Amino acid sequence: MNIVALLLLTLLQFISGIGVLALFNISLRNGLKIPLALLLGVAVSSFVPFVLQLLYVPLTAFSVFSALVMTALLLNINMARTAEQWAAMFRNIRFTLKLYELPFILLITAIVLISVWRCYYLPPTPRDLTSGPEVLAEYAVREHTMINSVFNVDLDSTNNPYKPAFITSLQIIYKYAGFPFGQLWLCVIFVSFMLLLYQLLCENLHRLLAGVLLLCFLAIPEMYAYTFMALFDYSNAVFFFLSVYCLTLYFGGKSRHYLYFAAWLMGIATYIRPETLVLAFFFIPLLVYRQWGSQSIRQLAQDAATFVTPALLLYAVSVVCYNSYYLPAQYEVSNLINPHPLQLRPFFDRFADMHTRLLFGSRGVSLYGYFMVLFVVLLLVEAVMYKLRFSFTARVWLYAVLVVYIGLPFLGYLLPLVDLQHSTKRGLLKIFPLMLLYLAHNQALAKISARLGRWG
Amino acid sequence: MQATVPNRRGGLLLLLTGLLAISLIIAVNRSWFNRIAEYWRAFPLQAAQSDPEARKISRYGNAYILSRSIALSLEKAGKKETALVLLPPTSYFKAKGLDYHVPEPAVFYYYTSLKTVRPDTRDTAGINYVVSVENKDIAIRKIRDKQQLSNILAEYRKYTITL
C-alpha cells in the first residue's frame, strides 16, 4: 500500500478542511475539529477534478494534484483566521483515556480496521459503482477526461454514469495516488465519522454509555457494509448528519456562520445524492418554528432561503448544467418525476413497505440489526418518564429523524425510480446517526450517565 | 446525599460493566459478529494475494473470468477495437448449463474495454459479433448479415433479460 501517498493526501485534505472551518469562522474543540476538518477535506477534494472537468482541463495526475494543492492554499488564504484555527488546535491538546474505555476502543478499532482493509483490498463491487463512477474514473485516468469512451457504450441498462461526480472525482484522485481500486477516501470518511460521533456522544453521556451506543451503531449490518463498499449513501448520510449537527449549534445560540455552514453541508449532501435537495426543504418548517416570534417574516424567509440555496446551486451545477451541457448523452431528470402527483397511494404504499419489508420485516435484523429497537425503546422510556418534555436539542434530532422517516417514502412517491429494495434501503442509512445523536440527548440515558459518573 | 464509590473500585466496576455490555452486544448481534470474525480470519489469505488482477478474479468470479476470456479471444484476433458484441442474457447461459452472470455493457467495458450490447438494445446497427454457447463452451461468431442478426436477436429475446 502506498502509505506515504495516502498520508500526504490526507494531510492535504486536512489542511483544506481547516481552511473551510476558518472560512466559515467555526470554532470547535479539537476532538470535533480534527475529524470534521478531514471530512470537509474529502468533500473539498471531491469538487476538484469535477471543476477541472467543467473547465475542460485535462485530468492528468499533475493537473489534479496541482489543483488540490492550490485549493488547500486558497482556502487558507485568510491567514489571520487560519492561524487562529491552528493555534487553537495546538493550544488545547489533551488526551484522556479511562481503563473502562479500553475494551470498547479495542473492539471498535478492530472492527474499523477490518473495514479499512476490505476497502483497500477488495475491488469496487456494487453494480451502481462499476457501471457508473468507477468505470468513468477508470477511463478518466486513461483518457484524461470524465467525458470519455464510456459514453460510447450502450448505457440503456443504467443511469449510473449520469450521477453527480462526487465518487468519480475521488476515485480519480486515489487512483492517481497509486491505489488501483481507489475507495480509500471512504476509510477517511468512516474513521473521521467514528471519531466525531464518539466525541459528540461523550459530550452528553458517560464514556461507558458512549462506547455502548457507538458499538451498537457500528453493529448495524447495512451501515457497516457500506463503509467498505463504496457508494453514495454512507457519505451522503455523514454530510446530512453534519448539516443537522451544525443546525443544532446554530439553534443553540451560535452565530449565523453556523447556519451558512449547515447550509453548505446540506449542499455537499445534495452534491453526493441529488434527491437530498427535497429533504433540505423539509427543514424549512424547523427553521421557521425555531425563530418564530424572535425574527421578522423577512428574516425568516432569509434564513430559509439561506439554508436551501447551496443545495439548489450544487444541484443546478452538478446535475442540470453538467448533464445538459457537458455529457454527450442526454438524461432527462424531469422524466423521472411522478406524472400523477395527486394520487397519494404510492406514498402510503412505500411508507408501509418501508416498515413491513425493510425496518421490521423478515430482513429487518439482517439489514439494520437491533438499533431501531434500541431507539424506539429509549424514546418511549423518555416520553413516559419525562411526560414528553424533551430537550430542545433532542427535539431537533427527532425532527431530523422524522424528515428522513417521512422524506424517504415521499421521495419514492415523487421519483418512482427511487425503489424500495435499493434506494430506500440505503437511504435509511441517513436515519441512524440522527437517532444516535438523539440518544445522546435522551434524559433517561443522561440519568444513568450521572449515576455512572459517581463510579468514575 | 448518596455515597460515592471510591475511584479505583468505581473504575473496576465500570470496567466489568463495560465488559458485560460488550458481551451482551456481541450475543445479541451474534450473526453480524460472526461475519466480522470471518472477515478477520480471511485477512492472512488476502494479505498473501496482493496482485490486483487476482483480487478481481477472486471477488468477481466467473462474471469477470469469462468476460475477460471473450475479450481476449477478440484481442488475439485483432478485432477488439472494432467489435460490438451481442451477449445473450444470463438466463440463456443458465439454460445451457453455464454459470455466467453476464455483466451489463458498462460493467463489461469496465472489466475488459470491450463494447457489448444486450439483446434488448435499441441500436442494433453496429453489432458485428455474437456470443453463444456451443457444446457447453463459449463461442464468438462474426455476424454475416442482417437476417442472421435478427434471427439471433429473436432467439435471445426469448430469455429473461436481467441485470
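Residue numbers (this note's numbering), protein chains in the order written: chain A, 1 to 456; chain H, 1 to 163. Beta carbons are placed, not taken as given, at the ideal position from N, Cα and C, and that holds for glycine. Fair warning: this is a prediction, and the values are worked out from it, not measured in the lab.
query: Between which two residues does the beta strand (DSSP E) carrying H:ILE138 extend?; result: 137-142
query: What's the call for A:ALA219, buried or exposed, on a 16-neighbour Cβ count within 10 Å?; result: buried
query: Would you list the one or two residues that DSSP bridges to A:TRP292?; result: A:GLN295
query: Counting only the same chain and skipping the five closest in sequence on each side, list residues whose C-beta sits under 6 Å from that of A:LEU170.; result: SER46 and TRP185
query: What are the residues that DSSP puts in a beta bridge with A:TYR224?; result: Paired residue(s): none; A:TYR224 is not in a bridge.
query: Does A:TRP292 pass the burial test, meaning 16 or more other C-beta atoms within 10 Å, or should it be called exposed?; result: exposed
query: Roughly how many angstroms separate the alpha carbons of H:GLU75 and H:GLU81, rounded to a whole number?; result: 8 Å
query: At which residue ranges does the region 10-94 of chain H contain complete alpha helix (DSSP H) runs of 4 or more residues, listed in the order of the chain?; result: 30-48, 52-60 and 62-76
query: In this structure, how does DSSP classify A:THR82 when only helix, strand and coil are distinguished?; result: helix
query: Going by beta carbon distance, what residues of the same chain come within less than 6 Å of A:PHE50, once the five residues before and after it are set aside?; result: ALA165 and SER169
query: Please work out which residues of its chain come closer than 7 Å, Cβ to Cβ, to A:ALA37, disregarding the five sequence neighbours upstream and downstream, and give them in chain order.; result: PHE14, GLY17, ILE18 and LEU21
query: Rounded to whole angstroms, how far is the Cβ of A:LEU312 from the Cβ of A:LEU277, which I believe are closer than 8 Å?; result: 7 Å
query: Excluding sequence positions up to five away, which residues of its chain have a Cβ less than 7 Å from the Cβ of A:SER243?; result: ALA262, LEU265, MET266 and ALA269
query: Is H:ASN135 near A:GLY369, with beta carbons less than 8 Å apart?; result: no
query: What residues match up with H:THR116 in a beta bridge as DSSP calls it?; result: H:VAL85
query: Could you compute how far the alpha carbon of A:LYS175 sits from the alpha carbon of A:PRO274?; result: 25 Å
query: Here's the rule: buried if 16 or more other CB atoms are within 10 angstroms of the residue's CB, otherwise exposed. What is A:ARG345?; result: exposed
query: Would you kindly check if the distance between the Cβ of A:TYR413 and the Cβ of A:ILE431 is under 8 Å?; result: no
query: For A:ASP419 and A:ALA230, what's the separation of their Cα atoms in angstroms?; result: 19 Å
query: Could you check what DSSP says for H:TYR129 in three-state terms: helix, strand or coil?; result: strand
query: Is DSSP giving A:GLU332 helix, strand or coil here?; result: coil
query: Comparing alpha-carbon positions, which option in H:ARG41, H:ILE26, H:ALA37 and H:LEU163 lies nearest H:PRO105?; result: H:LEU163
query: Label A:TYR139 either buried or exposed according to how many other C-beta atoms from any shown protein chain fall within 10 Å of its C-beta, with 16 as the threshold for buried.; result: buried
query: Between the C-alpha atoms of A:GLN62 and A:LEU201, what's the straight-line distance to the nearest angstrom?; result: The sequence as given places Phe at residue 62 of chain A; Gln does not occur at that position. Looking at the two C-alpha atoms, the distance is approximately 41 Å.
query: Within 10 angstroms of its Cβ, does A:LYS425 collect 16 or more other Cβ (buried), or is it exposed?; result: buried
query: Verify whether the separation of the beta carbon atoms of A:PHE307 and A:ALA280 is less than 8 Å.; result: yes
query: Can you tell me where the alpha helix (DSSP H) with A:LEU102 in it begins and where it stops?; result: 102-121
query: Looking at the C-beta of H:VAL130, does it have a partner C-beta in chain A at a distance below 8 Å?; result: no
query: Mind checking which residues open and close the alpha helix (DSSP H) that includes A:ILE63?; result: According to the sequence shown, residue 63 of chain A is Ser rather than Ile. Note, A:SER63: alpha helix (DSSP H), 61-75.
query: To which residues of the same chain is A:GLU143 closer than 7 Å at the C-beta, ignoring the five residues directly before and after it?; result: SER149
query: Could you work out which residues of chain H lie near A:PHE458, taking near to mean beta carbons separated by less than 8 Å?; result: Summary: the structure shown does not reach residue 458 of chain A, with chain A confined to residues 1 through 456, and so no result is reported for it.
query: If distances are taken between C-alpha atoms only, which option among H:TYR39, H:TYR100 and H:THR112 comes closest to H:ASN62?; result: H:TYR100
query: Spell out the partners DSSP gives H:GLU134 in its beta bridges.; result: H:ASP137
query: One question on the structure: do A:VAL403 and A:PHE232 come within less than 8 Å of each other, judged by their Cβ atoms?; result: no
query: Look at A:THR393 and A:GLY253 and say whether their C-beta atoms are less than 8 Å apart.; result: no
query: Please confirm if A:PHE104 has its CB atom under 8 Å from at least one CB of chain H.; result: yes
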